[in-house]
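Number 654 marks the last residue of the sequence shown (the working numbering); no jumps.
Here a beta-carbon is modelled for each residue, glycine too, at the ideal position from N, C-alpha and C.
Given the structure is predicted, the values throughout are model-derived calculations rather than measurements.
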Amino acid sequence: MMPTLERLRFPEENSLGRRYPEAAHPYRRSFQRDRDRLVHSHAFRRLEDKTQAFIRPDSDHSRNRLTHTFEVAQIARTVASALGLDEILVEALSLGHDIGHPPFGHAGEEELNRQMSRFGGRFDHNIHALRIVEIFERRYARFPGLNLTFEVREGLVKHSRDFAPGEFPELDEFLPGQRPPIEAQLIDPVDEIAYISADLDDAYSARFLSIEEVINGVPEYAEIWHATCAEFPSAREDVQFAEALRRLAELLVSGLIDGTLAAAAESAVQDVQDVRRFPRRLARFEARAESLNPAQRGFLFSRVYRSEYFQRSCRRHAAAMGELFQFFLENPERMRSLQPDSPHDEPPHLAICDYIAGMTDGFFYRTYEGLLGPLETNDPPMPIPPAYPV
Ligand code: MG
265 MMPTLERLRF PEENSLGRRY PEAAHPYRRS FQRDRDRLVH SHAFRRLEDK TQAFIRPDSD
325 HSRNRLTHTF EVAQIARTVA SALGLDEILV EALSLGHDIG HPPFGHAGEE ELNRQMSRFG
385 GRFDHNIHAL RIVEIFERRY ARFPGLNLTF EVREGLVKHS RDFAPGEFPE LDEFLPGQRP
445 PIEAQLIDPV DEIAYISADL DDAYSARFLS IEEVINGVPE YAEIWHATCA EFPSAREDVQ
505 FAEALRRLAE LLVSGLIDGT LAAAAESAVQ DVQDVRRFPR RLARFEARAE SLNPAQRGFL
565 FSRVYRSEYF QRSCRRHAAA MGELFQFFLE NPERMRSLQP DSPHDEPPHL AICDYIAGMT
625 DGFFYRTYEG LLGPLETNDP PMPIPPAYPV
């Protein structure tokens with residue numbers, strides 16, 4: 265039988281609880297309620313019209329941030345279950361991991377950060393996620409936000425990094441200097457598996473990348489591709505591509521399971537407190553999978569994210585976001601009329617940042633065009649329009 269990490273599973277009875285105490289539910293665990301509250305939130309539904317990688321893709325099959333979120337949740341649950349960890353906690357953390365993302369993916373996040381830095385501030389989608397679940401969601405009469413458990417909120421703010429005491433004063437209650445439970449540590453590497461596989465898939469499906477380019481750019485993929493073709497020589501090329509990509513993703517998932525088991529064994533941690541105090545995160549890839557990710561990421565950066573097509577699209581949307589930000593700064597009454605609920609004690613630039621960050625791509629377009637006129641759409645079409653439907 266496969267060794268598991270049940271001893272490191274977060275014991276829900278040790279949860280530090282909710283900000284506003286609530287009676288236990290008759291048949292749902294606390295982390296189930298957290299998951300359910302996230303699924304029923306406005307911010308979660310908005311993920312459907314937020315960019316994952318390609319802004320306004322031509323294909324109905326490209327990921328958006330909602331379908332990406334489901335892929336993360338599915339992979340993370342598989343890993344958690346194989347390791348004997350709390351699948352429901354992992355599911356809640358996965359479903360919440362991107363709810364703080366602004367429109368237009370990383371281009372949008374960088375632009376909001378750039379705007380905030382003019383005022384000595386910054387924008388970080390993980391911290392914005394915390395503001396959503398603690399302040400902006402209004403569905404419960406007895407408290408603001410979703411009143412999630414401490415562990416889910418901690419997982420959201422420590423999604424991609426840990427922080428030292430005093431580094432982010434607003435996060436001081438979330439155990440700075442400590443690692444989060446392994447359930448939370450898993451989300452970042454799973455996010456990486458999900459987005460790397462998905463972006464390769466979407467770029468290939470949109471004819472943005474050819475199979476030859478992927479083979480030449482990612483040596484491990486080439487090896488798997490040749491084995492797949494030898495096994496299924498008469499399959500269609502796109503099916504061979506998908507089959508090889510699936511195997512690559514499985515290699516990464518297995519690599520994460522094995523790497524985490526090995527790291528836990530090596531560290532000799534015995535319980536969640538040990539995990540918290542251990543100087544490094546224990547959720548990690550074993551050596552082969554670890555070496556794969558930089559190669560794939562490097563390939564995606566050079567061939568997709570830094571491509572002229574992609575960069576032009578990002579620049580145009582970031583510029584439009586900057587224009588809308590400036591418009592609201594100069595016309596605070598328009599902002600107030602559109603967003604009458606925003607807290608009155610907030611400095612204007614923060615209220616504007618929160619408002620824009622909460623927009624979907626479509627809502628951004630409608631708002632921009634309603635206030636500033638047509639948004640120039642001079643994007644070239646994707647290299648070859650994808651066949652549809654298939
Ligand atoms: Mg993500």
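Roughly how many whole angstroms lie between the Cα atoms of residue 365 and residue 498? 42 Å
Residues around the ligand MG, please: the ones whose beta-carbon is closer than 5 Å to some heavy atom of it, in chain order. 362, 455
CA-to-CA distance, residue 575 to residue 657, given in whole angstroms: Within the shown structure, residues of the chain are numbered from 265 to 654, placing residue 657 beyond reach of any answer.
Identify whether residue 511 lies in helix, strand or coil by the three-state DSSP scheme. helix
Taking Cβ to Cβ, would you say residue 343 is nearer than 8 Å to residue 517? yes
Of the residues 629, 415, 609, 371, which one's Cα is nearest the Cα of residue 579? 371
Validate contact between the segment 347-366 and the segment 449-457 using beta carbons, cut 8 Å, 3 pairs: yes
Straight-line CA distance for residue 557 to residue 617? 33 Å
Starting from residue 378, follow the alpha helix (DSSP H) in both directions and report where the run begins and ends. 369-381
Candidates 470, 416, 299, 282: closest to residue 324 by CA position: 470
Pairwise C-alpha distance: residue 510 and residue 714: There is simply no residue 714 to check, as the chain begins at 265 and stops at 654 in what is shown.
Taking the beta carbon of residue 560 as the centre, do at least 16 other beta carbons fall within 10 Å, making it buried, or is it exposed? buried
Using a Cβ distance threshold of 8 Å, determine whether the segment 383-391 contacts the segment 328-339, with at least three qualifying pairs required. no
Throw me the rounded Cβ distance for the residue 443 and residue 336 pair, which I believe falls under 8 Å. Not a contact, Cβ separation roughly 20 Å.
Which one of 413, 478, 454, 380 has the shortest CA to CA distance from residue 278? 413
Comparing alpha-carbon positions, which option in 425, 445, 421 lies nearest residue 434? 421
Find out if the Cβ-Cβ distance for the pair residue 394, residue 524 is shorter than 8 Å. no
Can you have a look at residue 411 and say buried or exposed, based on whether 16 or more other CB atoms are within 10 angstroms of its CB? buried
When DSSP labels each residue in this structure, what does residue 315 get in the three-state scheme? strand
Just how far apart, CA to CA, sit residue 289 and residue 281? 13 Å
Closest to residue 508 by CA distance: which of 572, 520, 489 is it? 489
Hey, is the segment 372-379 in contact with the segment 466-484, meaning 3+ C-beta pairs nearer than 8 Å? no
Looking only at its own chain, which residues have a Cβ that is under 6 Å from the Cβ of residue 326, when we skip the five neighbours before and after it? 318, 466
Would you identify the three-state DSSP class for residue 268, choosing helix, strand or coil? coil
Out of 597, 604, 589, state which residue places its alpha-carbon closest to the alpha-carbon of residue 378. 589
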